[in-house]
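**Q** Listed in order, the protein sequences are those of chains L and P. Throughout, this note's numbering is defined as the position within the first sequence, counted from one, plus 1416. Throughout, this note's numbering is defined as the position within the second sequence, counted from one, plus 75.
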Amino acid sequence: MIAWYIVPYEIDISKSAPGYPLKNCRRIAMCAYNQYIWTAQGKWHGIEVLGNRAIVKIKAPQAVLTTIDGVYKRIPKDNLDDSLADLPSGVKVALKNELIDMGYPITEIVERFGNDLGQHTLGNVLRFMARRRLIPRYDKQTDEVVFDLGTKNCQPLQDVENKIQE
Amino acid sequence: MAFPTTGILDNFNRGDEGPPPSANWTDIAFGLEVVSNEVRGSQFNDYSWSCWNVSAFGADSEAYITMVDTPGAGGCGFSLRCTTLVEATIDGYLAWYSHASGVGSETRVYEILNGGFTQIGSGDAFAGANGDKLGGEIIGTTIKVYVKDGAAAWTVNSTETDNTYDQAGYIGVRYYSNIWDADDFGGGTETGAGLSIPVAMHHYKQRRRR
């Protein structure tokens, strides 16, 4: 089964991270579930989007998805061509609020989608999320990653779609 | 396509030296050293990173090494398309093997930006053992981590894509811990060796003498 999630980035402070012992290594938080997903013959891939987050697509048994549902925000459709028209109003509002929380201005959201995400597809929304991402910078003085260098392009959403197929 | 396509750059067969391992290397952070004709990180419980400074390679390039032994926990990998030889400004990619005691060893690909790392994708399971070989390759926007599991052939264990850096750059080796010995570092500009080249076929008809 297939599912899409919005997953935060986290600092990898394990000894297996190339940056150890510094806190200069970032990864999609879904990495913490790699063994769990792979043991169930599942796999996943993701790209970074605005807001220090990733769009992640997983192919895994239902039991795995049920577990992941309890940890990260599952996107309420499974295929990029799926229309959002039948989503409850509250779900569409939550999706729109996610875009705002990522850092997209409401004016940019309205310009792209109007006032109703229901007129669009899952793919439209995810491609919007992947318009840009923050540029990370490791501050050696404070031993932390900061985001004060603006934004850059995301990797194509199609990379995720191509890599994780039903 | 065959991997690798380039030869050994450093077999470390010389007296103990470093860091850096020789004048052909530049230390990015702490640095590698030669001990008993093999190379290792110079830091215990910390990272070491050195780049081959003789020339930049690429843009398509590769690097590989033999893992003489593996530590209890740590990692080893190759920096590719490195833009500088200064940790604070180095950008590029890292083809990485993370070794865990028991379950959890993986190969991964990272983007390097100003010396910090962002993992691309999920990584892929691989349990390395003493004597295995590890390799990294970037061709176009595709970054691969290769493994050679014992006597088996080289195989691709991780494949990721990223279009951020597309210029020639330096290759290097990064370690965590100094209890991980390696040997026979090789690499350079990807030559495309192994591609089939059309050969004209000539048919001969033997004439029978009567």
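Don't be surprised by glycine CBs; every beta carbon is placed ideally from N, CA and C. Owing to the predicted nature of the structure, the values given are computational and were not obtained by experimental measurement.
1) Which residues in chain L sit within 9 Å of residue 149 of chain P, going by Cβ to Cβ distance?
2) Based on the DSSP output, what are the partners of residue 260 of chain P in its beta bridges?
3) Between the region 1494-1501 of chain L and the region 1526-1538 of chain L, are three or more C-beta pairs nearer than 8 Å?
4) Measure from the C-beta of residue 171 of chain P to each C-beta in chain L and report whether the shortest distance is under 8 Å.
5) Would residue 172 of chain P and residue 187 of chain P be called neighbours here (beta carbons separated by less than 8 Å)?
6) Rounded to whole angstroms, how far is the Cβ of residue 1444 of chain L from the Cβ of residue 1423 of chain L, which I believe are closer than 8 Å?
7) Find the residues of chain L that neighbour residue 114 of chain P, judging by a C-beta separation of less than 7 Å, and give them in chain order.
8) Hey, residue 238 of chain P and residue 222 of chain P are a contact pair by Cβ (cut 8 Å); roughly how many whole angstroms apart?
9) Thinking just about the alpha-carbon of each residue, which of L:1512, L:1492, L:1561 and L:1473 is nearest to the one in residue 1578 of chain L?
10) Using a Cβ-Cβ cutoff of less than 7 Å, which residues in the same chain neighbour residue 241 of chain P once the five nearest sequence positions on both sides are dropped?
11) Rounded to a whole number of angstroms, what is the C-alpha to C-alpha distance between residue 1480 of chain L and residue 1463 of chain L?
12) Which same chain residues, not among the five before or five after residue 259 of chain P, have their C-beta less than 7 Å away from its C-beta?
13) Closer than 8 Å between beta carbons: that is the criterion. Which residues of the region 1505-1526 of chain L meet it against chain B?
14) Around the C-beta of residue 1429 of chain L, are 16 or more other C-beta atoms found within 10 angstroms, so that it is buried, or is it exposed?
15) Given a cut-off of 8 Å, decide if residue 118 of chain P and residue 105 of chain P are closer than it, judged by their beta-carbon atoms.
16) Please state the DSSP three-state secondary structure of residue 157 of chain P.
17) Between the beta-carbon of residue 1440 of chain L and the beta-carbon of residue 153 of chain P, is there less than 8 Å?
18) Nearest to residue 291 of chain P by alpha carbon, out of P:76, P:174, P:116 and P:79?
19) Measure the beta-carbon distance from residue 190 of chain P to residue 1554 of chain L and round it to whole angstroms, keeping in mind my assumption that it falls under 8 Å.
20) If you follow the beta strand (DSSP E) that residue 222 of chain P is part of, which residue opens it and which one closes it?
21) Can you give me the Cβ contacts of residue 252 of chain P inside the same chain, cut-off strictly under 7 Å, excluding the 5 residues immediately before and after it?
22) Quick one: grab the DSSP three-state call for residue 1454 of chain L.
23) Would you list, in chain order, the members of the region 121-139 of chain P that have their beta-carbon closer than 8 Å to a beta-carbon of chain L?
24) Using CA coordinates, which residue listed in P:228, P:206 and P:199 is at the minimum distance from residue 220 of chain P?
25) Any chance the CB of residue 1508 of chain L is under 7 Å from a heavy atom of the ligand ATP?
26) Enumerate in chain order the residues of its own chain whose CB-to-CB distance from residue 213 of chain P is below 7 Å, with the five nearest sequence positions on each side excluded.
27) Could you give the residue range of the alpha helix (DSSP H) that holds residue 1510 of chain L?
28) Is the beta carbon of residue 1446 of chain L sitting closer than 8 Å to the one on residue 197 of chain P?
29) Specify, as a first and last residue, the run of the beta strand (DSSP E) that residue 1537 of chain L falls within.
30) Quick one: Cα of residue 1559 of chain L to Cα of residue 1547 of chain L, how far?
31) Between the C-alpha atoms of residue 218 of chain P and residue 1550 of chain L, what's the straight-line distance to the nearest angstrom?
**A** Straight from the coordinates:
1) By 1-based counting over the second sequence, the position of residue 149 of chain P is 74. The answer, in chain order, is 1431, 1432 and 1436.
2) On the second sequence, position 185 is the one that residue 260 of chain P refers to. P:85.
3) At 8 Å Cβ cutoff, the stretches touch.
4) For the purposes of this step, residue 171 of chain P is taken as the residue at position 96 of the second sequence. By this cut-off, residue 171 of chain P is an interface position.
5) Numbered from its first residue, the second sequence carries residue 172 of chain P at position 97. Numbered from its first residue, the second sequence carries residue 187 of chain P at position 112. No, the Cβ-Cβ distance between residue 172 of chain P and residue 187 of chain P is not below 8 Å.
6) Taking the first residue of the first sequence as 1, we reach residue 1444 of chain L at position 28. Taking the first residue of the first sequence as 1, we reach residue 1423 of chain L at position 7. With a Cβ gap of about 6 Å, residue 1444 of chain L and residue 1423 of chain L count as contacting.
7) If you number the second sequence from 1, residue 114 of chain P lands on position 39. Residues of chain L passing the Cβ test: none, with the nearest at roughly 17 Å.
8) Along the second sequence, read from residue 1 onward, the residue named residue 238 of chain P stands at position 163. Along the second sequence, read from residue 1 onward, the residue named residue 222 of chain P stands at position 147. In fact, because the Cβ distance is near 25 Å, the residues do not count as touching under 8 Å.
9) Along the first sequence, read from residue 1 onward, the residue named residue 1578 of chain L stands at position 162. Selected option, being the one with the closest Cα: L:1473.
10) Residue numbering aside, residue 241 of chain P sits at position 166 when the second sequence is read from its first letter. Excluding sequence neighbours, residue 241 of chain P sits near 134.
11) Walking along the first sequence from the start, residue 1480 of chain L turns up at place 64. Walking along the first sequence from the start, residue 1463 of chain L turns up at place 47. Straight-line Cα distance between these residues: approximately 21 Å.
12) Here residue 259 of chain P refers to the residue found at position 184 when the second sequence is read from its first residue. Cβ neighbours of residue 259 of chain P beyond the five flanking positions: 83, 86, 140 and 141.
13) Protein chains in the displayed structure are L and P, and chain B is not among them.
14) Within the first sequence, numbered from 1, the residue matching residue 1429 of chain L stands at position 13. By the neighbour-count rule (16 or more Cβ atoms within 10 Å), residue 1429 of chain L is not buried but exposed.
15) Stepping through the second sequence from its first residue, residue 105 of chain P is reached at position 30. Stepping through the second sequence from its first residue, residue 118 of chain P is reached at position 43. Cβ atoms of residue 105 of chain P and residue 118 of chain P: closer than 8 Å.
16) As a working note, residue 157 of chain P is residue 82 in the second sequence. Correct three-state label for residue 157 of chain P: strand.
17) The residue given as residue 1440 of chain L occupies position 24 in the first sequence. The residue given as residue 153 of chain P occupies position 78 in the second sequence. Inclusion of residue 1440 of chain L and residue 153 of chain P in the CB contact set at 8 Å is not warranted, their separation being larger than that value.
18) This structure leaves residue 291 of chain P out entirely; chain P is present only between 76 and 285.
19) Mapped onto the second sequence, residue 190 of chain P falls at position 115. Mapped onto the first sequence, residue 1554 of chain L falls at position 138. That pair is a contact at about 6 Å.
20) Within the second sequence, numbered from 1, the residue matching residue 222 of chain P stands at position 147. Note, residue 222 of chain P: beta strand (DSSP E), 217-223.
21) In the second sequence, residue 252 of chain P corresponds to position 177, counting from 1. 116, 119, 120, 146 and 149, listed in sequence order.
22) Your numbering for residue 1454 of chain L matches position 38 in the first sequence. Reduced to three states, the DSSP call for residue 1454 of chain L is helix.
23) Of all residues in the region 121-139 of chain P, those with a C-beta nearer than 8 Å to a C-beta of chain L are 121 and 122, reading in chain order.
24) As a first step, residue 220 of chain P is located in the second sequence; it is residue number 145 there, counting from the start. The residue with the shortest Cα to Cα distance from residue 220 of chain P is P:199.
25) The ligand ATP is not part of this structure, which contains no ligands at all.
26) What you label residue 213 of chain P is simply residue 138 of the second sequence in a count that begins at 1. If we look at residue 213 of chain P and ignore the five residues flanking it on each side, its Cβ neighbours are 135, 136, 155, 156 and 168.
27) Within the first sequence, numbered from 1, the residue matching residue 1510 of chain L stands at position 94. Looking at the DSSP string, the run of the alpha helix (DSSP H) that includes residue 1510 of chain L is 1505-1518.
28) As a first step, residue 1446 of chain L is located in the first sequence; it is residue number 30 there, counting from the start. As a first step, residue 197 of chain P is located in the second sequence; it is residue number 122 there, counting from the start. Going by C-beta atoms, residue 1446 of chain L is nearer than 8 Å to residue 197 of chain P.
29) Within the first sequence, numbered from 1, the residue matching residue 1537 of chain L stands at position 121. Run containing residue 1537 of chain L: none; DSSP gives neither H nor E here.
30) As a working note, residue 1559 of chain L is residue 143 in the first sequence. As a working note, residue 1547 of chain L is residue 131 in the first sequence. Using only the alpha carbons, I get a separation of about 29 Å.
31) As a working note, residue 218 of chain P is residue 143 in the second sequence. As a working note, residue 1550 of chain L is residue 134 in the first sequence. Straight-line Cα distance between these residues: approximately 22 Å.
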